[in-house]
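*Asks:* Take a look at the following structure, please.
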Amino acid sequence: MKITVLSSGSWGTALAKTLCDNNHDVHLWSRSQEYSDAMEAKRENFRYLPGFPLPDSLHLTADLAKAIENTDLIVTSTPTQYVRHSLEMLKEHKTTAPICNVSKGIEVSSLQRISEITSEILGESHPFCVLVGPSHAEELIKNMPTAVVVSSQFNYLAKMVQNVFMNQNFRVYTSSDLVGVELGGALKNIFAIAAGVIDGLGLGDNTKAALMTRGNVEMARLGRALGGFEETFNGLSGIGDLIVTCTSKHSRNRSVGEMLGKGLSMDDIKAKLGHSVAEGVATTKSAYQLAQQYKVEVPIIEQCYQVLYEDRSAAEAINYLMTRDAKQERN
68 MKITVLSSGS
78 WGTALAKTLC
88 DNNHDVHLWS
98 RSQEYSDAME
108 AKRENFRYLP
118 GFPLPDSLHL
128 TADLAKAIEN
138 TDLIVTSTPT
148 QYVRHSLEML
158 KEHKTTAPIC
168 NVSKGIEVSS
178 LQRISEITSE
188 ILGESHPFCV
198 LVGPSHAEEL
208 IKNMPTAVVV
218 SSQFNYLAKM
228 VQNVFMNQNF
238 RVYTSSDLVG
248 VELGGALKNI
258 FAIAAGVIDG
268 LGLGDNTKAA
278 LMTRGNVEMA
288 RLGRALGGFE
298 ETFNGLSGIG
308 DLIVTCTSKH
318 SRNRSVGEML
328 GKGLSMDDIK
338 AKLGHSVAEG
348 VATTKSAYQL
358 AQQYKVEVPI
368 IEQCYQVLYE
378 DRSAAEAINY
388 LMTRDAKQER
398 N
């Protein structure tokens, strides 16, 4: 099967390697001809996954028409805020290949999930699925056991993607809750930033456990309001992804929060990130606006928004959350 992966970040590269392991004809597309040529010369994604040789069978290209010609599946790993542009390019090439999105976020300008953007640009009948879960490229590239979930309104596509990706190191479950799976993958990045703030302030396990538990409640609340199923947030795309991104040294969102907790400005943090993207910064804004629109109580998300966009200090945010009116624990 020919599979095209857009684009050549760390996660797209790790998935491309997994697909090569499964003996597929894999084409990894990069926006930059210069970088694609450099990767070809070194046979390594030295910017995003240094130290790991690319499979000999992996095709590298910056020619989108060539990459998607007669392809059976397009895997999109473009950062969420740039997904619309990628989909518009695919529309120009009149592709009919199914789309498997692996990015996690909510578009700020429209407050749309990636499935909604795809339907708007390519049409509601265009086959689409999302593949997310607790997974870091730095571990998958080393063949460390990883489990994720695929969801689609097209049942045949979910099963096809499950079969295409699954091997002894990469286990794929299916779910019928596209909305919940998408939102779990997106919203957990907000709480990863908050978890990083806790690390940066030198607070302890008690604090982080409280954050993750109550954060999962907020994910489920907002998810229900937007049409997802509550039980989805107790699965791989919900609590699973929340755990890994709040605790891992590989999490860019957690790292952003840690730098915030240590007093760095967002401008300094963006400079340190370089080419990498922390999806949670933009998703915080989107989720805050959605919660306002749907009148959902999400105090942690609100405080994250104020820290990131209204110059509230992390200490003030934590004090507010800890001194709110006493409540009964509920979902």
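For what it's worth, the working numbering labels the leading residue of the sequence shown as 68, then goes sequentially.
Glycine included, each C-beta is placed from N, C-alpha and C at the ideal position.
1) Can you tell which of S182, S202 and H203 has the C-alpha that lies nearest to the C-alpha of H193?
2) Please state whether DSSP places L116 in a helix, a strand or coil.
3) To the nearest angstrom, report how far apart L140 and V150 are at their CA atoms.
4) Would you report the Cα separation of M279 and Y102, rounded to the nearest angstrom?
5) Just tell me which of N283, T241 and V239 has its CA closest to the CA of A259.
6) Three or more beta-carbon pairs under 8 Å between the stretch 243–253 and the stretch 100–114, yes or no?
7) Can you name the start and end residues of the alpha helix (DSSP H) that N210 belongs to?
8) Relative to the C-alpha of G252, which candidate in K275, A225, V217 and N236 has its C-alpha closest?
9) Could you tell me the distance, in whole angstroms, from the CA atom of G118 to the CA atom of I368?
10) Rounding to the nearest angstrom, what Cα-Cα distance links M286 and L331 in this structure?
11) Could you say which of L357, N89, S77 and A276 lies nearest to S343 if we only look at CA atoms?
12) Going by C-alpha distance, which of L289, T147 and L198 is nearest N230?
13) Kindly indicate the opening and closing residues of the alpha helix (DSSP H) around L416.
14) Alpha carbon to alpha carbon, how far is V215 from A381?
15) Considering only residues of the stretch 76–151, which uninterrupted alpha helix (DSSP H) runs meet the minimum length of 4 residues and lie entirely inside it, listed in chain order?
16) Taking C-alpha atoms, which residue in G328, Q370 and N236 lies nearest to Y387?
17) Is the beta carbon of K69 sitting closer than 8 Å to the one on D92?
18) Does the beta-carbon of V248, which I'm using as the reference point, lie nearer than 7 Å to any heavy atom of the ligand SAH?
19) Going by DSSP, what residue range makes up the alpha helix (DSSP H) through I70?
20) What three-state label does DSSP hand T446 in the structure shown?
21) According to DSSP, simplified to helix, strand and coil, what is I166?
22) According to DSSP, is S322 part of a helix, a strand, or is it coil?
23) Near A129, which residues of its chain fall below 6 Å by C-beta distance, leaving aside the five closest residues on each side in sequence?
24) Are the Cβ atoms of I135 and A108 separated by less than 8 Å?
25) For E360, does the count of other Cβ atoms within 10 angstroms reach 16, so buried, or fall short, so exposed?
26) Provide the residue(s) that pair with R219 in DSSP beta bridges, ordered along the chain.
27) Hey, how far is the Cα of M299 from the Cα of H160?
28) Could you check which residue in V228, S124 and T213 has the C-alpha nearest to that of S219?
29) Between the beta-carbon of G328 and the beta-carbon of L375, is there less than 8 Å?
30) At what residues does the beta strand (DSSP E) containing T241 begin and finish?
31) Taking C-beta to C-beta, are V169 and T185 nearer than 8 Å?
32) Would you list the one or two residues that DSSP bridges to N234?
33) Taking C-beta to C-beta, are Q148 and A345 nearer than 8 Å?
*Replies:* This is what the structure holds:
1) S182
2) coil
3) 17 Å
4) 38 Å
5) N283
6) no
7) Unbroken run through N210: none, as it is neither H nor E.
8) V217
9) 37 Å
10) 27 Å
11) S77
12) L198
13) Since the first residue shown for the chain is 68 and the last is 398, residue 416 is missing from the structure and cannot be characterised.
14) 32 Å
15) 77–88, 100–109 and 131–135
16) Q370
17) yes
18) Summarising the ligand content, the structure contains no ligands, and the ligand SAH is consequently not present.
19) First-last for I70: K69 to L73, but that is the beta strand (DSSP E), not the alpha helix (DSSP H).
20) Only positions 68 to 398 of the chain appear in this structure, which leaves residue 446 out of reach.
21) strand
22) helix
23) S97, Q100 and S103
24) no
25) Before going on, a small fix: residue 360 reads as Gln here, not Glu. Burial call: exposed.
26) The identity of residue 219 in the sequence shown is Ser, whereas the question assumes Arg. Beta-bridge pairing links S219 to C196.
27) For clarity, residue 299 is Thr in the given sequence; the question names Met instead. Each residue's Cα considered, the two are about 35 Å apart.
28) V228
29) no
30) F237 to S242
31) no
32) F237
33) no
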